[in-house]
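Numbering (the numbering used here), first residue to last: 4 to 147. Input: a single structure, listed below in structure tokens.
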């Protein structure tokens with residue numbers, strides 16, 4: 004089986020050999036205000052990893068409430084540019100009520116604009132509990 008996603012910058016292809024070691028996550032939250040990006044990210048994640056529970060949130064404030072109630076997931080896939088609050092503001096709020104975030108969860112900051120916004124990439128690199136930052140669409144093999 005092969006999945007190909009094309010955006011304006013490059014084509015990403017996942018095939019059966021793309022992920023050498025299977026990734027496993029008990030729980031994942033995908034936070035993105037764009038319904039299509041939520042759908043694509045979920046499908047690419049499910050194809051390249053084993054996930055017991057995926058929660059999709061269009062509103063980062065709803066995701067924060069969920070984390071307050073249920074605790075941190077294994078993985079947070081977080082869009083940078085959202086109208087309610089941006090990804091960085093989400094992280095600032097998250098660290099107010101979650102201790103030792105980096106040891107409990109992997110946070111991947113995602114944007115369609117990292118290639119074109121070096122300042123955004125620099126800001127993401129300076130945040131101590133961001134595991135990785137990636138251009139959209141998600142490349143599952145880079146989560147390792």
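We treat Cβ as the ideally placed atom computed from N, Cα and C, and that holds for glycine.
- The beta carbon of residue 71 is closer than 7 angstroms to those of 100 in its chain, skipping five residues each way along the sequence.
- Here residue 31 is actually not in contact with residue 64; their C-beta atoms are around 19 angstroms apart, not less than 8 angstroms.
- Residue 65 sits in a helix when the DSSP states are folded into three classes.
- Runs of the alpha helix (DSSP H) spanning 4 or more residues and lying entirely within the region 78-129 occur at 90-100, 104-107, 121-129, in chain order.
- For residue 138, no alpha helix (DSSP H) run applies; the uninterrupted beta strand (DSSP E) run containing it begins and ends at 135-138, by DSSP.
- For residue 86, the CB contacts under 8 angstroms within the same chain, skipping 5 residues up- and downstream, are 36 in chain order.
- Here residue 73 carries a helix assignment [DSSP, helix/strand/coil].
- A residue is called buried when at least 16 other Cβ atoms come within 10 angstroms of its Cβ; residue 122 does not meet this threshold and is exposed.
- DSSP, reduced to helix, strand and coil, places residue 42 within a helical segment of the structure shown.
- Only residues of its own chain outside the window of five on either side were considered, and among them 94, 98, 104, 105, 110 have a CB closer than 8 angstroms to the CB of residue 132, listed in chain order.
- If you ignore the 5 residues before and after residue 76, its C-beta comes within less than 7 angstroms of the C-beta of 30, 31, 32, 108, all in its own chain and listed in chain order.
- Check the Cα spacing between residue 28 and each of 56, 39, 44: the tightest is with 56.
- The beta-carbon separation of residue 34 and residue 81, rounded to 5 angstroms, stays under the 8 angstroms limit for a contact.
- Counting only residues of its own chain and dropping the five nearest sequence neighbours on each side, residue 134 has a CB closer than 7 angstroms to the CB of 109, 110, 111.
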